[in-house]
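Going by our numbering, 29 is the number at position 29 of the sequence shown; the sequence numbering is gapless. Cβ coordinates follow ideal geometry from the N, Cα and C atoms, glycine included. As structure tokens, the structure follows; a few thoughts come after it.
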Amino acid sequence: MDISELPVPIRQRSLSYYLALFCIVVPFCSTIPFAWLYVLYVVGTGTVWYALNISSTSKWLFPVALCEVLFSVYQYYLWRIVSPPAPYGPGDPGEIQAAFKRLLKSGLTPPTNGGDEGAHRPGSPEEDIVQLEFDDPRAIDFRNALRPWFGNATWSSIKLHQVHQWLYWSIYNADMPSYESLTASQQAVMAEIGVVNLLARHFDWTSNTLWFEEIPNACDPTKSFFLLGGQDSIVHSERVKRYLTSHGVKGGLWYDPVGSHGQALKPGTRGHLEILRWIREEI
1 MDISELPVPI
11 RQRSLSYYLA
21 LFCIVVPFCS
31 TIPFAWLYVL
41 YVVGTGTVWY
51 ALNISSTSKW
61 LFPVALCEVL
71 FSVYQYYLWR
81 IVSPPAPYGP
91 GDPGEIQAAF
101 KRLLKSGLTP
111 PTNGGDEGAH
121 RPGSPEEDIV
131 QLEFDDPRAI
141 DFRNALRPWF
151 GNATWSSIKL
161 HQVHQWLYWS
171 IYNADMPSYE
181 SLTASQQAVM
191 AEIGVVNLLA
201 RHFDWTSNTL
211 WFEEIPNACD
221 PTKSFFLLGG
231 QDSIVHSERV
241 KRYLTSHGVK
251 GGLWYDPVGS
261 HGQALKPGTR
271 GHLEILRWIR
281 EEI
């Protein structure tokens, strides 16, 4: 079954969603515009000293609103800095290209239910880079993972030109030029030139990439413990789980389908209790 052709089910909004939206999100997002209106009103009417002395509430209301205004200006300044394309990313280009090649090899790992530490693992760096068949499970998994960039549309409805536009944006952080005549060779050259920008734009990926063979005693549950959350907005936990289990990780893996990023570090959560249990068992 090609899961990249299945429509994504529409999530039903619960009452708690709307309560959080109108009681937390909307008031929080309204603080900056209201702060601007209040500061402009006080300054425009010339009642700054009056606002500071009229009551105890006004004494802190105007300074707080002014801080919000100044912070919003600084936030806009930071946004202008990080928004333009970054021609030079941190890290050595050779290391980044090697990491990109290693990433491709990892993505070409054949599906497996598990392995043994020390044996020739399917995810080893010796994996060959080949062109996958359309119905290969690895190709299907890649297409399905790419769908969120296109509004979770079915893969057959995504046009080649839209993929070219996404590829150009992901490399150069800019809209693709309006001309239509982009040949396959031009696209390949563009990908080779921009691979450093794709991997290193505003982030040193080579310093934050951890492969299985770099984890000491990864398959020993008494020395390594992996915690993953299914609702992690940064890490694709389901894919990480498959990556670990394909290399032989079994006992030292805890997966919470509804866990978010870093939730296991919050006291009282299931993940935090699992960490404490694992520590007590190994002391």
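Per DSSP, what kind of secondary structure is residue i in: helix, strand or coil?
| i | result |
| --- | --- |
| G44 | helix |
| W36 | helix |
| A141 | The residue you asked about is not Ala; residue 141 is Asp in the sequence shown. If DSSP states are grouped into helix, strand and coil, D141 belongs with the helices. |
| W166 | helix |
| K105 | helix |
| I279 | helix |
| A65 | helix |
| K223 | coil |
| A98 | helix |
| I10 | coil |
| V73 | helix |
| S233 | coil |
| G271 | helix |
| K159 | coil |
| L210 | coil |
| I81 | helix |
| K250 | coil |
| I193 | With a pLDDT of 43 at I193, under the threshold of 50, the predicted position of this residue should be treated as unreliable, though the coordinate-derived value follows. Helix. |
Pull up the distance between the alpha-carbon of residue i and that of residue j, whole angstroms please.
| i | j | result |
| --- | --- | --- |
| V26 | Y18 | 10 Å |
| W36 | W79 | 19 Å |
| Y168 | D232 | 27 Å |
| V42 | D175 | 42 Å |
| N152 | E238 | 18 Å |
| A188 | A145 | Per-residue confidence for A188 stands at a pLDDT of 41, beneath the threshold of 50, marking its modelled position as unreliable; no derived number is given. |
| I215 | K101 | 20 Å |
| R138 | K250 | 22 Å |
| W60 | V39 | 13 Å |
| W254 | G229 | 9 Å |
| I32 | A65 | 8 Å |
| F71 | Y77 | 10 Å |
| E286 | T209 | With the chain covering 1 to 283 only, the question about residue 286 has no answer from this structure. |
| L265 | A218 | 20 Å |
| I10 | G46 | 52 Å |
| G118 | D256 | Because the pLDDT at G118 is just 46, under 50, the model does not fix this residue reliably, and the point stays unresolved. |
| S156 | Q165 | 17 Å |
| I279 | H261 | 21 Å |
| E213 | F226 | 15 Å |
| V130 | K105 | 9 Å |
| L15 | I24 | 14 Å |
| V195 | A98 | Confidence in V195 is poor, its pLDDT being 45 and thus under 50, which makes the residue's placement unreliable; the coordinate value appears in the next sentence. Using only the alpha carbons, I get a separation of about 11 Å. |
On the DSSP letters alone, give me the boundaries of the alpha helix (DSSP H) that residue i sits inside.
| i | result |
| --- | --- |
| L132 | Premise fails: L132 is in no alpha helix (DSSP H) and is neither H nor E. |
| F28 | V26 to C29 |
| S4 | Per DSSP, S4 belongs to no alpha helix (DSSP H) and is neither H nor E. |
| L15 | L15 to A20 |
| R147 | Counting along the chain, R147 falls outside any alpha helix (DSSP H), and DSSP gives it neither H nor E. |
| S237 | S237 to S246 |
In terms of residue numbering, what span does the beta strand (DSSP E) encompassing residue i cover?
| i | result |
| --- | --- |
| L253 | L253 to D256 |
| L228 | F226 to G229 |
Give me whichever residues DSSP pairs with residue i in a beta bridge.
| i | result |
| --- | --- |
| G262 | DSSP, once it has assigned bridges, lists no residue as partnering G262. |
For the ligand NAD, is there any heavy atom lying closer than 6 Å to the beta carbon of residue i?
| i | result |
| --- | --- |
| G268 | In the structure shown, the ligand NAD is absent, as is every other ligand, since no ligand is present at all. |
message: Taking 8 Å as the cut-off, does the stretch 267 to 275 touch the stretch 238 to 248 (at least 3 CB pairs, one atom from each stretch)?
response: no
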